[in-house]
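Peer 1: Listed in order, the protein sequences are those of chains G and L.
Under my numbering, the first residue of the first sequence is numbered 1, with each subsequent residue one higher.
Under my numbering, the first residue of the second sequence is numbered 1001, with each subsequent residue one higher.
From the three backbone atoms N, C-alpha and C, an ideal C-beta is built for every residue, glycine too.
My questions will all concern the structure given below.
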Amino acid sequence: MRSTAITASPRRVRPRMSHPALAVPLLVYLAAFYGYPVAAMLFRSIAEPSWTIENFVKIFETPVFLYVLWLTFRVALVVTFISLLLGFPVAYLLARMDRAKANLLMMLVLLPFWTSILVRTYAWMVLLGRQGIVNQFLQWLGAIDAPIRLLNTTFAVYVAMVHILLPFMILPLYSAIRGIDGNLLRAAEGLGARPIAVFRQIVLPMSLPGISAGCLLVFILALGFFITPALVGGPRDLMIAVLIQQQVELFNWPFASALAALLLAAALSVFLVLAKRLGIEKAIGRARQ
Amino acid sequence: MRDSEESAVRMRAKRPRRGRTSRGLAAVAGLVFLYLVFPILIVIPLSFSSGTYLSFPPPGFSLHWYQNFFGRSDWLDAAYLSIWIGGAVMCLATVLGAPAAIALVRSRFPGKNLLVGFIISPLIAPVIVLAIGIYFFYARLGLVGNPFGLVIAHTCLAVPFVVINVSAALQGFDERLEHAAMNLGATPWRTFWQVTFPIIRPGVFAGALFAFISSFDELVVALFVSGSTAVTLPRKMWESIRFEIDPTIAAVSTILVVLTGLMFLSAELLRRRSERLRSSLALPDAPRGEALPEGTPVI
């Protein structure tokens, strides 16, 4: 990688601008204030009240907790799928535009990306409320006679979570589709392929790395969502992060730790799949910009 | 260059069937853009409402809710605290993260990927996991409700942004510029401040900015760790949304949307400047990093 021509003269060792030791302060800091607390919490899940796997057994033996696991998994899966469905056309359109225009439109994706999750969730509470704009609009259309319940439903959870996670899908899709050589598409069209065939035989297979990166990323982030389901979900939409918070408030710390261990294990294993597919640095780069 | 060539070819190859497909695509994409942006914009007119409840359209214009925000000490204190914590996190994360990024980009050693993974993992791991880990830890140390406790915890979450942005600025950095400086007799310290830092500066600033925003926005850790004595702005907003839901929260949201927009724009400008600096300051036939699509701030 580095040019070797200059270094060929053996007179003295070239002083390097950097040294691995520069990373030590950060590593010590993270080990003390991030690694240790999380490790201690994980330890608590098997060491309290005494050495036991009771906490984990309890999760899998209680129907309510099993339901929470299933619901969390289902919500994450549905949100991932809808994000892919909505994100793909946008990414495709942007990737086929010339760069100046695409950069401008990309702002529309990146601005919500950087707006506080709390603000975005609150906006959906306003939109979906009983007197909210969506209800008024539907009444104006004549689709419904009286306001219907939209807020505090699973529907609201889906709408708000997809809204928040969509940029995480669009960004990796965009860079994957950008990488497709336009000549391939033109050649296929020139040879008479219909748009569907071009899509299925060229665009889809060649954007697969972007699709898997985006899907895995959205899925991981959706698994651990807390703020949005807590605010717009109904009493039955209890996702695992919300359950963890409730258990902490009830002082069931070892049990909350067991739930957290499970969530962390799920997120990490999905992430390892992502890292394996893309190489760790790329996977990390795509994780969040 | 290749782009204009491409679009020229596309011009010639335009066909009616393709036009219809892309018009359909544009319509779908337009709706998705609307879905992305509309909810954020809708908060703005609500914040100027004269009604006491969140009804739409607003019954009249008033600045009442802004007065409420700027006149109530609980809101202002929360805002000051968040700014203070965000600033401290920004400094700490930059001081820790920037040197680490330089070390990690420039050196090779076994287990490096694992270390990078560990440093970046606060972005991937569910925040609730970190939040309760830190909560249990602080409960024992008596740090719950202490603003310094929040600074310490938020720094763990903010550091990856600095590391990612500084690493990006260092990709394709022509190291021969440094060798030249040192061959001319500059000390490593001087070389860093006079050659390296000016080139990576936009990346460092962008990382610092993102670190600030990430702390300023952070709610989950704050919910557990802030107690009743270190109430940050997101925490105050959370309580307001849950218990008093009046348009003050719309006013706060509007202020935040505008502020984030401005900060985001400056970070984006910094990033572009960093790209320009790198390409204009590289020596001829310098090793270049892989060209990334603009608008995707991937590391």
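At what residues does the alpha helix (DSSP H) containing Leu141 of chain G begin and finish?
Peer 2: Locating residue 141 of chain G in the first sequence gives position 141, counting from the first residue. Its alpha helix (DSSP H) spans residues 133-141.
Peer 1: Taking all protein chains shown into account, decide if Tyr1080 of chain L is buried (16 or more other Cβ within 10 angstroms of its Cβ) or exposed.
Peer 2: The residue you call residue 1080 of chain L lines up with position 80 of the second sequence. Classification of Tyr1080 of chain L: exposed, given that the 10 Å Cβ count is below 16.
Peer 1: Quick one: what's got a C-beta closer than 8 angstroms to Gly1051 of chain L's C-beta in the same chain, skipping five residues either side?
Peer 2: Looking up residue 1051 of chain L in the second sequence gives position 51. Correct list, in chain order: Pro1058, Pro1059, Gly1060, Pro1247.
Peer 1: Between Leu69 of chain G and chain B, is the shortest Cβ-Cβ distance under 9 angstroms, so that the two count as touching?
Peer 2: No chain B is present in this structure, whose protein chains are G and L.
Peer 1: Of all the CB atoms in chain L, is at least one closer than 9 angstroms to the CB of Ala287 of chain G?
Peer 2: The residue you call residue 287 of chain G lines up with position 287 of the first sequence. Below a pLDDT of 50, predicted positions are generally treated as unreliable, and Ala287 of chain G, at 42, falls in that range; the measurement from the model is reported next regardless. By this cut-off, Ala287 of chain G is an interface position.
Peer 1: Is DSSP giving Phe226 of chain G helix, strand or coil here?
Peer 2: Position 226 of the first sequence, counted from the first residue, corresponds to residue 226 of chain G. Correct three-state label for Phe226 of chain G: coil.
Peer 1: Excluding the five sequence neighbours on either side, which residues of its own chain have a C-beta within less than 8 angstroms of the C-beta of Ile202 of chain G, listed in chain order?
Peer 2: Looking up residue 202 of chain G in the first sequence gives position 202. Counting only Cβ-Cβ distances below 8 angstroms, and skipping sequence neighbours, we find Ile180, Leu184, Leu185, Ala188.
Peer 1: My output table needs one value for Ser973 of chain L: the three-state DSSP class, helix, strand or coil.
Peer 2: Nothing can be reported for residue 973 of chain L, as the shown portion of chain L is limited to 1001 through 1299.
Peer 1: Apply the 10 Å Cβ neighbour rule to Tyr67 of chain G and answer buried if 16 or more other Cβ atoms are within range, or exposed otherwise.
Peer 2: Taking the first sequence and counting its residues from 1, one reaches residue 67 of chain G at position 67. Exposed is the call here.
Peer 1: Quick one: what does DSSP say Phe1061 of chain L is sitting in, helix, strand or coil?
Peer 2: For this step, residue 1061 of chain L is matched to residue 61 along the second sequence. Note: Phe1061 of chain L maps to strand in three-state DSSP.
Peer 1: Let me confirm a value: Arg1072 of chain L is counted as buried when at least 16 other C-beta atoms fall within 10 Å, else exposed. Which label applies?
Peer 2: The residue labelled residue 1072 of chain L in the question sits at position 72 within the second sequence. Exposed, because fewer than 16 other Cβ atoms sit within 10 Å of the Cβ of Arg1072 of chain L.
Peer 1: In angstroms with no decimal places, state the Cα-to-Cα distance between Phe219 of chain G and Val1231 of chain L.
Peer 2: Numbered from its first residue, the first sequence carries residue 219 of chain G at position 219. Numbered from its first residue, the second sequence carries residue 1231 of chain L at position 231. Approximately 31 angstroms between the Cα atoms of the pair.
Peer 1: Counting only Cβ pairs nearer than 8 angstroms, list the residues of chain L close to Leu263 of chain G.
Peer 2: Residue numbering aside, residue 263 of chain G sits at position 263 when the first sequence is read from its first letter. Pro1126, Ile1128, Val1129, listed in chain order.
Peer 1: Can you list the residues of chain G that Met1307 of chain L reaches, using a CB-CB cut of under 7 angstroms?
Peer 2: What is shown of chain L runs 1001 to 1299, which leaves residue 1307 of chain L out entirely.
Peer 1: With 9 angstroms as the threshold, decide whether the Cβ of Gly234 of chain G is near any Cβ in chain L.
Peer 2: For this step, residue 234 of chain G is matched to residue 234 along the first sequence. It does not: the Cβ of Gly234 of chain G has no partner Cβ on chain L nearer than 9 angstroms.
Peer 1: Whole angstroms is fine: what's the gap from Val273 of chain G's alpha carbon to Asp1077 of chain L's?
Peer 2: Indexing the first sequence from 1 puts residue 273 of chain G at position 273. Indexing the second sequence from 1 puts residue 1077 of chain L at position 77. Looking at the two C-alpha atoms, the distance is approximately 44 angstroms.
Peer 1: Under 8 angstroms by Cβ, that's how I've got Leu1362 of chain L and Ser1049 of chain L pegged, so tell me the actual separation to the nearest angstrom.
Peer 2: The requested residue 1362 of chain L is not part of the displayed model; chain L covers only 1001 to 1299.
Peer 1: So if I threshold CB-CB distances at 8 angstroms, which residues from the segment 237-259 of chain G count as touching chain L?
Peer 2: Along the segment 237-259 of chain G, going in chain order, the ones with a CB nearer than 8 angstroms to a CB of chain L are Ala241, Ile244, Gln245, Val248, Trp253, Ala256, Ser257.
Peer 1: Rounded to a whole number of angstroms, what is the C-alpha to C-alpha distance between Val1129 of chain L and His1154 of chain L?
Peer 2: To locate residue 1129 of chain L, count along the second sequence from 1; it is residue 129. To locate residue 1154 of chain L, count along the second sequence from 1; it is residue 154. Rounded to the nearest angstrom, the two C-alpha atoms are 14 angstroms apart.
Peer 1: Would you decide whether Arg178 of chain G is buried or exposed? Buried here means 16 or more other CB atoms lie within 10 Å of its CB.
Peer 2: For this step, residue 178 of chain G is matched to residue 178 along the first sequence. Looking at its Cβ environment, which holds 16 or more other Cβ atoms inside 10 Å, Arg178 of chain G is buried.
Peer 1: Suppose you measure from the CA of Leu263 of chain G to the CA of Leu110 of chain G; what does that come to, to the nearest Å?
Peer 2: In the first sequence, the residue the question calls residue 263 of chain G occupies position 263. In the first sequence, the residue the question calls residue 110 of chain G occupies position 110. Taking the straight line from one Cα to the other gives about 28 angstroms.
Peer 1: According to DSSP, is Gly179 of chain G helix, strand or coil?
Peer 2: The sequence position of residue 179 of chain G within the first sequence is 179, counting from 1. Coil at Gly179 of chain G, not helix or strand.
Peer 1: For chain G, find out if any of its Cβ atoms is closer than 9 angstroms to the Cβ of Pro1234 of chain L; answer yes or no.
Peer 2: As a first step, residue 1234 of chain L must be located in the second sequence, where it is residue number 234. True, the Cβ-Cβ gap to chain G drops below 9 angstroms.
Peer 1: Under the three-state reduction of DSSP, which class applies to Asp1217 of chain L: helix, strand or coil?
Peer 2: Taking the second sequence and counting its residues from 1, the one referred to as residue 1217 of chain L is at position 217. It is helical.
Peer 1: Any idea what DSSP makes of Met107 of chain G, helix, strand or coil?
Peer 2: Counted from its first residue, the first sequence places residue 107 of chain G at position 107. Helix, per DSSP.
Peer 1: Measure from the alpha carbon of Ser269 of chain G to the alpha carbon of each residue in L:Glu1178, L:Glu1239, L:Val1037, L:Ala1125, then state which is nearest.
Peer 2: In the first sequence, residue 269 of chain G corresponds to position 269, counting from 1. The candidate whose alpha carbon is nearest that of Ser269 of chain G is L:Ala1125.
Peer 1: Closer than 9 angstroms by beta-carbon distance: list the chain G residues that pair up with Ala1222 of chain L, in chain order.
Peer 2: As a first step, residue 1222 of chain L must be located in the second sequence, where it is residue number 222. What Ala1222 of chain L touches in chain G: nothing, since even the nearest Cβ is about 11 angstroms away.
Peer 1: Going along chain G in order, which residues have a C-beta closer than 9 angstroms to the C-beta of Pro1122 of chain L?
Peer 2: Along the second sequence, one-based indexing puts residue 1122 of chain L at 122. From the beta-carbon of Pro1122 of chain L, the residues of chain G found nearer than 9 angstroms are Leu30, Tyr34.
Peer 1: Can you have a look at Gly1030 of chain L and say buried or exposed, based on whether 16 or more other CB atoms are within 10 angstroms of its CB?
Peer 2: Reading the second sequence from its first residue, position 30 is the one you call residue 1030 of chain L. Exposed, because fewer than 16 other Cβ atoms sit within 10 Å of the Cβ of Gly1030 of chain L.
Peer 1: Just to confirm, are Ala76 of chain G and Ile1132 of chain L a CB contact at a threshold of 9 angstroms?
Peer 2: In the first sequence, residue 76 of chain G corresponds to position 76, counting from 1. In the second sequence, residue 1132 of chain L corresponds to position 132, counting from 1. Cβ atoms of Ala76 of chain G and Ile1132 of chain L: not closer than 9 angstroms.
Peer 1: Compare the beta carbon distance of Ser45 of chain G and Ala258 of chain G with 9 angstroms and say whether it is the shorter of the two.
Peer 2: Sequence index remark: in the first sequence, residue 45 of chain G carries index 45 (1-based). Sequence index remark: in the first sequence, residue 258 of chain G carries index 258 (1-based). Against a cut-off of 9 angstroms, the Cβ pair of Ala258 of chain G and Ser45 of chain G comes out as a contact.
Peer 1: Which bits of chain L does Ala213 of chain G rub up against, with CB to CB less than 9 angstroms?
Peer 2: As a working note, residue 213 of chain G is residue 213 in the first sequence. Contact of Ala213 of chain G with chain L by beta-carbon distance below 9 angstroms is absent, the smallest such distance being about 10 angstroms.
Peer 1: Kindly examine the ligand SAH and report whether one of its heavy atoms sits closer than 8 angstroms to the Cβ of Ser257 of chain G.
Peer 2: You won't find the ligand SAH in this model; it holds no ligand whatsoever.
Peer 1: Buried or exposed for Ala176 of chain G, please, with buried defined as at least 16 other CB atoms from any protein chain shown within 10 angstroms of its CB.
Peer 2: Residue 176 of chain G sits at position 176 when you count from the first residue of the first sequence. Result: buried.
Peer 1: Apart from the five residues just before and just after Arg1235 of chain L, which ones in its own chain have a Cβ nearer than 6 angstroms to its Cβ?
Peer 2: Your numbering for residue 1235 of chain L matches position 235 in the second sequence. Answer for Arg1235 of chain L: Ala1222, Ser1226, listed in chain order.
Peer 1: Does any CB atom of chain G fall closer than 9 angstroms to the CB of Leu1091 of chain L?
Peer 2: The residue given as residue 1091 of chain L occupies position 91 in the second sequence. In the sequence as presented, Leu is not what sits at residue 1091 of chain L; that position holds Cys. Not one chain G Cβ lies under 9 angstroms of Cys1091 of chain L.
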